[in-house]
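Chains A and X supply the protein sequences, listed in that same order. Just so we're aligned, residue 1 is where the first sequence starts under this note's numbering, counting upward by one. Just so we're aligned, residue 1001 is where the second sequence starts under this note's numbering, counting upward by one. Right, one structure below, let's go through it.
2 protein chains.
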Amino acid sequence: MRELSVGEAARRAGVAVSALHFYERKGLIQSLRTSGNQRRYASDVLRRIAVIRVAQRVGIPLEAVRRAFSTLPDERTPSREEWAKMSAAWQDELEDRINQLMNLKEKLTECIGCGCLSLTACALANPGDALAADGGGPRRWTPG
Amino acid sequence: MRELSVGEAARRAGVAVSALHFYERKGLIQSLRTSGNQRRYASDVLRRIAVIRVAQRVGIPLEAVRRAFSTLPDERTPSREEWAKMSAAWQDELEDRINQLMNLKEKLTECIGCGCLSLTACALANPGDALAADGGGPRRWTPG
DNA sequence: GCTTGACCTCAACCAAAGTTGAGGTCCCAT
DNA sequence: ATGGGACCTCAACTTTGGTTGAGGTCAAGC
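Have a look at this one:
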């Protein structure tokens, strides 16, 4: 299993080299260096990047991903079990997010269907109910 | 139907006053002014804000919302039909987003279930398939 | 042995979506 | 008619997730 240069890793993961530098600065991935100071990645970096991308789609900020990764071993390449455990957590996150959106869609359907766009009754227009219950604002996922 | 001051609107919509100022600067909402230059909102501003919040949850940037709003009448308060049409478009957006996430979750399930965390086969680790198909990156929704 | 593309660091910049603060005005209840 | 809370503008600052560029080094093929 060869080590990857930053360019290879970027190409295979579908991200920019600058993003990998950035992730490394943020402590999400690590690299060994050649004698000439060039990065060499173990292949598990690709899995880390995959997880990062999944997380971003779900709206989880990198800092939360970093915390999740911090439960993985630093030196040793993580075992399948370790990855699976992490993935399961992501899956729950994803499930939650999907449920939120379905709920939202249902509300929107009601609103259109019943013509309730009268503001006093509309679930969309009235914060404080299920719609607004997840954190009081349109802002990002607040990590635990 | 009384007009709303910025504070009332903010309270009723569950956002900060500064956010309303911001939305107005960005052209998402409008206000009339009193002789003393204070904002007065027609009550449809609450619906606009509700739509903004829905959009943000789904990951649609404000600029795209602004474009969507630009199909609504500026002077006249939008009719129920006009709102319904817009809401329906949001609903499609939402549907798409839900489908994407469900797809993602399914892939993740496969990855955990089958132990395929061998990178060469894993759908998560390999961009270029359905996972990566929506725009080549973990970045935000790119409006049309 | 040289050249060319890939790589290095560091600093500056970008965009979105606001928030914060300064300095000043409005208006409503007493 | 006045005090204080709500409002005004404008500019600067914040965070997240990067990109871009300058100035210089590495390494692989001819």
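All C-beta atoms in this analysis are idealised placements derived from N, C-alpha and C, irrespective of residue type, glycine included. Small disclaimer: the values here were computed from a predicted structure and weren't measured.
Cβ of residue i within 8 Å of Cβ of residue j?
i: A:Glu-150; j: A:Val-58; result: With chain A running from 1 to 144 in the structure shown, residue 150 of chain A is simply not present.
i: A:Val-15; j: A:Ile-29; result: no
i: X:Trp-1090; j: X:Val-1054; result: yes
i: A:Ile-98; j: X:Leu-1101; result: yes
i: A:Arg-40; j: A:Ser-18; result: no
i: X:Glu-1003; j: X:Ala-1042; result: yes
i: X:Ile-1060; j: X:Tyr-1023; result: no
i: X:Phe-1069; j: X:Arg-1048; result: yes
i: A:Lys-26; j: A:Leu-72; result: no
i: A:Ser-79; j: X:Leu-1108; result: no
Do we get a CB-CB distance below 8 Å when we pair residue i with the residues of chain X?
i: A:Arg-66; result: no
i: A:Arg-40; result: no
i: A:Arg-2; result: no
i: A:Arg-57; result: yes
i: A:Ser-18; result: no
For chain A, is any of its Cβ atoms less than 8 Å away from the one on residue i?
i: X:Ser-1087; result: yes
i: X:Val-1054; result: yes
i: X:Val-1006; result: no
i: X:Arg-1076; result: no
i: X:Arg-1033; result: no
i: X:Ala-1010; result: no
Pull the bridge partners of residue i from the DSSP assignment, please.
i: A:Leu-4; result: A:Tyr-41
Could you name the residues of the region 1091-1111 of chain X whose beta carbon sits closer than 8 Å to any beta carbon of chain A, in the order they occur along the chain?
Per Cβ criterion, the list reads Gln-1091, Leu-1094, Glu-1095, Arg-1097, Ile-1098, Gln-1100, Leu-1101, Met-1102, Leu-1104, Lys-1105, Leu-1108, Thr-1109 and Cys-1111.
Where are the alpha helix (DSSP H) runs, 4 residues long or more, that stay fully inside the region 17-41 of chain A, in chain order?
Listed in chain order, the complete alpha helix (DSSP H) runs (minimum 4 residues) inside the region 17-41 of chain A are 17-25.
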